[in-house]
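Below is one structure, written out as structure tokens, with a few remarks after it.
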Amino acid sequence: MIIARVVGTLTASDKNPELRSTKLLVVQPLDLDGEPDGDEVIAVDRVDAGVGERVLISREGNAARQVTGRDLIPLQNLVIGVVDRIDRIDGGSPGGRGPA
Amino acid sequence: MRFARVIGRVVSTRKVPPLEGYRLLLIEPTTARGEAAGAPLVAVDTGQYGDDEWVFYVTSREASLPLRDPFCPVDAAVVGKVDRVDLEDGAAILDLGPRGAAP
Chain U
1 MIIARVVGTL
11 TASDKNPELR
21 STKLLVVQPL
31 DLDGEPDGDE
41 VIAVDRVDAG
51 VGERVLISRE
61 GNAARQVTGR
71 DLIPLQNLVI
81 GVVDRIDRID
91 GGSPGGRGPA
Chain W
101 MRFARVIGRV
111 VSTRKVPPLE
121 GYRLLLIEPT
131 TARGEAAGAP
141 LVAVDTGQYG
151 DDEWVFYVTS
161 REASLPLRDP
171 FCPVDAAVVG
181 KVDRVDLEDG
191 AAILDLGPRG
201 AAP
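Residue numbers (my numbering), protein chains in the order written: chain U, 1 to 100; chain W, 101 to 203.
Here is the structure:
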């Protein structure tokens, strides 16, 4: 799993039928300092996450199939949690919301 | 899933049977703002997606799930077309048309 920030929403009316009625979020993967790490990816929201929140992303297709109950959903990235806090043994402790 | 723009097609007549009937698209990954980001790749077309459209694609094992044979040996598939992306800074990016020029 990785930590990412919700940076936007995706509207797509023409998509694979298995993706119907899903909430598609644009998320920016973060490094441990809260800085952007790579390009944005699209994830399906399962926890009612909002723009600006720091979230936990599972990137496993089988997890996505189990959670959605759709055996043929062409999906890997799932928003499975909102991060409240990250406690680091070295003292770095980025907050859970908004920019680090 | 990631964003990409359709930049062409790959034509292959002799291919594994489960791939017959499917179009192969040449796509270039983009950022959420439609800017080119990374090396182009080939993805199977699971809808009717075409030249210059802004789309999104899935990779790995999940790429074959939309196909007739869900074990078809492919590793990337275009699974939708972007209507618009709304970003936290207020930017709304619509399907930008050719080459991602801002409207």
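Heads up, the beta-carbon is just placed ideally off N, CA and C, and yes, glycines get one too.
Given the structure is predicted, the values throughout are model-derived calculations rather than measurements.
Answer yes or no: do residue i and residue j have a C-beta to C-beta separation smaller than 8 Å?
i: L72 of chain U; j: R46 of chain U; result: no
i: Q76 of chain U; j: S164 of chain W; result: no
i: K15 of chain U; j: G180 of chain W; result: yes
i: A4 of chain U; j: L30 of chain U; result: yes
i: R59 of chain U; j: V83 of chain U; result: no
i: L119 of chain W; j: V110 of chain W; result: no
Is there a Cβ of chain A sitting closer than 8 Å to that of residue i, yes or no?
i: A143 of chain W; result: This model lacks chain A altogether; the protein chains it does include are U and W.
Does DSSP put residue i in a helix, in a strand, or in coil?
i: L140 of chain U; result: The structure shown does not extend to residue 140 of chain U, since chain U is modelled only from 1 through 100, so no value can be given for it.
i: E162 of chain W; result: helix
i: E53 of chain U; result: strand
i: L72 of chain U; result: coil
i: L119 of chain W; result: helix
i: L167 of chain W; result: coil
i: G200 of chain W; result: Confidence at G200 of chain W is low in this model, with a pLDDT of 47, below 50, so its placement is unreliable and the value that follows should be read with caution. Helix, per DSSP.
On the DSSP bridge assignment, give the partners of residue i in chain order.
i: Y157 of chain W; result: W:R102, W:V178
i: K15 of chain U; result: W:G180
Kindly indicate the opening and closing residues of the alpha helix (DSSP H) around residue i.
i: A64 of chain U; result: 61-68
What residue range is occupied by the uninterrupted beta strand (DSSP E) comprising residue i?
i: E214 of chain W; result: For residue 214 of chain W there is no data in the structure shown, the boundaries of chain W being 101 and 203.
i: T9 of chain U; result: 2-11
i: R184 of chain W; result: 184-187
i: V44 of chain U; result: 41-45
i: P81 of chain U; result: Note that residue 81 of chain U corresponds to Gly in the displayed sequence, not to Pro. Start and end: 77-82.
i: I193 of chain W; result: 192-194
i: V111 of chain W; result: Segment: none, V111 of chain W is in no beta strand (DSSP E) and carries neither H nor E.
I think residue i touches residue j, with their Cβ atoms under 8 Å apart; what is that distance to the nearest whole Å?
i: I107 of chain W; j: P129 of chain W; result: The Cβ separation is near 10 Å, so there is no contact.
i: T35 of chain U; j: R70 of chain U; result: The sequence shown places Glu at residue 35 of chain U, rather than the Thr named in the question. Between R70 of chain U and E35 of chain U the Cβ distance is about 34 Å, and since that is not below 8 Å, they are no contact.
i: L56 of chain U; j: G91 of chain U; result: Contact doesn't hold; Cβ gap of about 22 Å is too wide.
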